[in-house]
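Novice: Using the working numbering, read the sequence shown as starting at 1 and increasing by one per residue.
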Amino acid sequence: MHVARLPARPGRSLIDRLESYNSAVPAMLGAFDGLRLDALVMACSEPRYLLGPDEDREQCAELTAATGVPFASATQATREALEHVMVTDIVLVSPYQPWVTDLAERFWKTAGLNVTQVVQVRAPDGYSPYGHTPASLVSQVELAEVPGDAVLLFTGTGLPTLPVLRPLTSGNDRTLLTSNLCVAWWALSKAVGRHVTLSRVPYRRHMAAAARVGGRP
């Protein structure tokens, strides 16, 4: 794995920084010249919400053609993962400022998804993906009373989502997808030349109850 960081933009407004990240991507791909690569990913979701899903997909296709290597933004990788598992309804969990969250909701609706609920999560120091702890994420999602069979999409590669997968899916039929999980799935699928498994073992209350008493479902 090879990594390059998006350029720092201290002192700029959020929207200026996000726009600069999008515009920097084509030139940044040159940092990987000479490397044998299976895939390239922009592992950052927030700036892509300034675009529509069609423009996002078109830019990814253009960069794929220009480099000869499959390229996806985090949002495009997430979109392909959602299509792969045939998800149509999502609960969107967003750590972004409300105006960016609104753009994210519009992005996924325009992409054809039914956003049934938006859970706006806030870190102690404000709207910052990197300011969250797993405990704060679990607490705020549970307070939102998300249905037990919902598909939750955590947007934001800076969120500490790996530790929340088990507590938020234990004893229910929820499916949790995260930006990082979808990026990893997409990149691994490109590396091995096929779609790798992306699913969870269903939980069924009657099956669990039968197991406790030694009976059969």
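Positions of the beta carbon are idealized from the N, C-alpha and C atoms, including for glycine.
1. Tell me which same chain residues have a C-beta within less than 6 angstroms of the C-beta of Arg48, skipping the five on either side of it?
2. Expressed to the nearest angstrom, what Euclidean distance is found between the alpha-carbon atoms of Val151 and Pro7?
3. Tell me whether Glu46 is buried or exposed, calling it buried when 16 or more other Cβ atoms sit within 10 Å of its Cβ.
4. With a 10 Å radius around its C-beta and 16 neighbouring C-beta atoms as the bar for buried, classify Tyr130 as buried or exposed.
5. When you compare the CB positions of Val93 and Phe154, do they come within less than 7 angstroms of one another, or not?
6. Sort Asp38, Met1, Ser23 and Val25 by Cα distance to Arg194 and report the nearest one.
7. Under a Cβ-count criterion, where at least 16 other Cβ atoms within 10 Å of its own Cβ denotes burial, should Lys190 be classed as buried or exposed?
8. Quick one: what's Gly126 bridged to in DSSP?
9. For Val121, which residues in the same chain have their Cβ closer than 8 angstroms to its Cβ, ignoring the five residues on either side in sequence?
10. Please report the residue range of the beta strand (DSSP E) in which Leu168 lies.
11. Can you tell which of Ser13, Leu14, Ala144 and Val41 has its C-alpha closest to the C-alpha of Leu181?
12. Would Val91 pass as a contact of Pro134 if the rule is Cβ separation under 7 angstroms?
13. Looking at Ala104 and Arg79, is the spacing between their C-beta atoms short of 7 angstroms?
14. Closest to Leu177 by CA distance: which of Ser199, Asp125 and Leu18 is it?
15. Can you tell me which residues form a DSSP beta bridge with Phe71?
16. Straight-line CA distance for Arg9 to Arg106?
17. Buried or exposed: Trp186, going by 16 or more other Cβ atoms within 10 Å of its Cβ?
18. For Tyr127, which residues in the same chain have their Cβ closer than 7 angstroms to its Cβ, ignoring the five residues on either side in sequence?
19. Can the beta-carbon of Met28 be found less than 7 angstroms from the beta-carbon of Ala4?
20. For Val91, does the three-state DSSP call read helix, strand or coil?
Specialist: In short, the structure shows the following:
1. Reading the sequence shown from its first residue, position 48 is the one you call residue 48. Beyond the five residues adjoining it in sequence on each side, Arg48 comes within less than 6 angstroms, by CB distance, of Asp56, Ser73 and Thr75 in the same chain, given in chain order.
2. Walking along the sequence shown from the start, residue 151 turns up at place 151. Walking along the sequence shown from the start, residue 7 turns up at place 7. So the two alpha carbons sit approximately 33 angstroms from each other.
3. As a position in the sequence shown, residue 46 is number 46, starting the count at 1. Result: buried.
4. Counting from one through the sequence shown, the residue named residue 130 turns up at place 130. With fewer than 16 Cβ atoms within 10 Å of its Cβ, Tyr130 is classed as exposed.
5. As a working mapping, residue 93 is identified with position 93 in the sequence shown. As a working mapping, residue 154 is identified with position 154 in the sequence shown. A contact, by the Cβ cut-off of 7 angstroms.
6. Walking along the sequence shown from the start, residue 194 turns up at place 194. Among Asp38, Met1, Ser23 and Val25, the Cα nearest to that of Arg194 is on Asp38.
7. Working through the sequence shown from its first residue, we reach residue 190 at position 190. So Lys190 counts as buried.
8. What you label residue 126 is simply residue 126 of the sequence shown in a count that begins at 1. Looking at the DSSP assignment, Gly126 forms a beta bridge with Ala123.
9. In the sequence shown, counting from the first residue as 1, residue 121 sits at position 121. Val93, Ser94, Pro95, His132, Ser136, Leu137, Gln140 and Val141, listed in sequence order.
10. Taking the first residue of the sequence shown as 1, we reach residue 168 at position 168. Careful: Leu168 lies outside any beta strand (DSSP E), inside the alpha helix (DSSP H) at Leu165 to Thr169.
11. Numbered from its first residue, the sequence shown carries residue 181 at position 181. Of the listed residues, the one whose Cα sits closest to Leu181 is Val41.
12. Mapped onto the sequence shown, residue 91 falls at position 91. Mapped onto the sequence shown, residue 134 falls at position 134. Result no, Cβ atoms of Val91 and Pro134 do not sit closer than 7 angstroms.
13. Mapped onto the sequence shown, residue 79 falls at position 79. Mapped onto the sequence shown, residue 104 falls at position 104. Judged by beta-carbon spacing, Ala104 lies beyond the 7 angstroms limit of Arg79, meaning their Cβ atoms are not closer than that value.
14. Mapped onto the sequence shown, residue 177 falls at position 177. The residue with the shortest Cα to Cα distance from Leu177 is Ser199.
15. In the sequence shown, residue 71 corresponds to position 71, counting from 1. Paired residues: Leu40.
16. Start at 1 with the first residue of the sequence shown, and residue 9 comes out as number 9. Start at 1 with the first residue of the sequence shown, and residue 106 comes out as number 106. Cα-Cα distance, rounded: 26 angstroms.
17. One-based indexing of the sequence shown puts residue 186 at position 186. Classification of Trp186: buried, given that the 10 Å Cβ count is 16 or more.
18. Against the sequence shown, residue 127 aligns to sequence position 127. Here the set comprises Pro95, Tyr96 and Gln97.
19. For this step, residue 28 is matched to residue 28 along the sequence shown. For this step, residue 4 is matched to residue 4 along the sequence shown. In contact: Met28 and Ala4 (Cβ atoms closer than 7 angstroms).
20. Within the sequence shown, numbered from 1, the residue matching residue 91 stands at position 91. Residue state, collapsed to three classes: strand.
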